[in-house]
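No gaps in the numbering here: position 4 of the sequence shown is 4 in the UniProt record's numbering, and each next residue is one more.
Even for Gly, the Cβ is constructed at its ideal location relative to N, Cα and C.
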Amino acid sequence: MGPLPSNGLTSNELTLESLFNLIETYKQTAKQEQDKLNARINQLSKDLYIAQEQAAEFSNEFHALRDRITFLSDENNNLQDRITALSDVNNDLQDRITALSDVNNNFQDRITALSDVNNNLQDRITALSDVKNDLQRQIKEKDQEISRLKTNKNNDSSEERQRLKKQLNCCERIEIFLKSIQRAAFLLVRPG
Numbered sequence: 001m002g003p004l005p006s007n008g009l010t011s012n013e014l015t016l017e018s019l020f021n022l023i024e025t026y027k028q029t030a031k032q033e034q035d036k037l038n039a040r041i042n043q044l045s046k047d048l049y050i051a052q053e054q055a056a057e058f059s060n061e062f063h064a065l066r067d068r069i070t071f072l073s074d075e076n077n078n079l080q081d082r083i084t085a086l087s088d089v090n091n092d093l094q095d096r097i098t099a100l101s102d103v104n105n106n107f108q109d110r111i112t113a114l115s116d117v118n119n120n121l122q123d124r125i126t127a128l129s130d131v132k133n134d135l136q137r138q139i140k141e142k143d144q145e146i147s148r149l150k151t152n153k154n155n156d157s158s159e160e161r162q163r164l165k166k167q168l169n170c171c172e173r174i175e176i177f178l179k180s181i182q183r184a185a186f187l188l189v190r191p192g
């Protein structure tokens with residue numbers, strides 16, 4: 001055996017105490033490491049929870065945006081349908097405007113033609129009026145002649161007067177007929 005230590009412990013006892021101290025040191029070190037690991041785990045758990053909350057929030061926002069996009073897409077489709085419908089209405093109105101323009105042009109042509117007819121009728125009425133005035137003048141002359149020749153019993157002038165009277169009546173009837181045609185033409189071109 002070697003020399004005894006100054007504290008009176010054997011070398012085996014020193015070795016055992018050193019082992020206990022070493023084990024205790026390892027225990028304390030292990031506990032510190034475990035505490036650090038637990039703290040790290042707790043922090044990571046908190047970070048994970050926050051990350052999950054943020055992910056849930058982002059997911060909700062994503063779904064809301066997706067719903068909004070779907071809604072806007074439906075609105076866009078509805079607007080496109082309305083635009084198509086309005087385009088069809090516009091095309092229909094353009095067709096109707098074109099048709100009405102053709103009707104208006106046709107109506108203007110008829111007005112021009114009826115105006116020409118009216119002017120022609122007016123010329124004829126004026127001519128008939130002149131003939132009528134001439135016949136009335138001749139009848140007046142015949143009346144004067146009949147008055148002068150009454151005492152002579154001359155029937156020739158009376159017969160001539162009757163002939164002129166018939167011509168006058170005929171002119172008046174033609175004038176009335178032409179005026180009725182003129183009125184009918186006026187009614188054709190009058191609005192409404």
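Compare the Cα-Cα distances from Thr-126 to each of Ile-69, Asn-105, Gln-182, Glu-24 and report the closest residue.
For the purposes of this step, residue 126 is taken as the residue at position 126 of the sequence shown. Answer by Cα proximity: Gln-182.
Below 7 angstroms CB to CB, which residues in the same chain sit around Lys-142 once its five sequence neighbours on both sides are set aside?
For the purposes of this step, residue 142 is taken as residue 142 along the sequence shown, with counting starting at 1. Ser-157, Glu-160, Arg-161, Leu-164.
Could you tell me the distance, in whole angstroms, from the CA atom of Leu-37 to the CA atom of Leu-19?
Residue numbering aside, residue 37 sits at position 37 when the sequence shown is read from its first letter. Residue numbering aside, residue 19 sits at position 19 when the sequence shown is read from its first letter. One C-alpha to the other measures close to 26 angstroms.
Given a threshold of 16 other Cβ atoms within 10 Å of its Cβ, counted over all protein chains shown, does Lys-132 qualify as buried or as exposed?
Within the sequence shown, residue 132 is the residue found at index 132, counting from 1. Classification of Lys-132: buried, given that the 10 Å Cβ count is 16 or more.
Taking Cβ to Cβ, would you say Leu-178 is nearer than 8 angstroms to Arg-124?
Within the sequence shown, residue 178 is the residue found at index 178, counting from 1. Within the sequence shown, residue 124 is the residue found at index 124, counting from 1. The answer is yes: Cβ separation under 8 angstroms.
Give me the Cα-Cα distance between Asn-78 and Thr-70, rounded to the nearest whole angstrom.
Residue numbering aside, residue 78 sits at position 78 when the sequence shown is read from its first letter. Residue numbering aside, residue 70 sits at position 70 when the sequence shown is read from its first letter. Cα to Cα, the separation comes out at about 12 angstroms.
Taking the C-alpha atoms as reference points, what is the distance between Arg-110 and Asp-102?
Position 110 of the sequence shown holds residue 110. Position 102 of the sequence shown holds residue 102. Approximately 12 angstroms, taken between the alpha carbons.
Compare the beta carbon distance of Cys-171 and Leu-135 with 8 angstroms and say whether it is the shorter of the two.
Along the sequence shown, read from residue 1 onward, the residue named residue 171 stands at position 171. Along the sequence shown, read from residue 1 onward, the residue named residue 135 stands at position 135. In this structure, Leu-135 lies closer than 8 angstroms to Cys-171 by Cβ.
Quick check: what's the CA-CA separation for Asn-76 versus Asp-67?
Walking along the sequence shown from the start, residue 76 turns up at place 76. Walking along the sequence shown from the start, residue 67 turns up at place 67. Each residue's Cα considered, the two are about 14 angstroms apart.
Hey, which unbroken runs of the alpha helix (DSSP H) at 4 residues or more fall wholly within the segment 82–107?
Correct list: empty.
In its own chain, which residues sit with a C-beta less than 8 angstroms from the C-beta of Leu-100, not counting the 5 before and 5 after it?
What you label residue 100 is simply residue 100 of the sequence shown in a count that begins at 1. Excluding residues within five positions, none has a Cβ falling inside 8 angstroms.
Does Leu-128 pass the burial test, meaning 16 or more other C-beta atoms within 10 Å, or should it be called exposed?
Here the question's residue 128 lines up with position 128 in the sequence shown. So Leu-128 ends up on the buried side.
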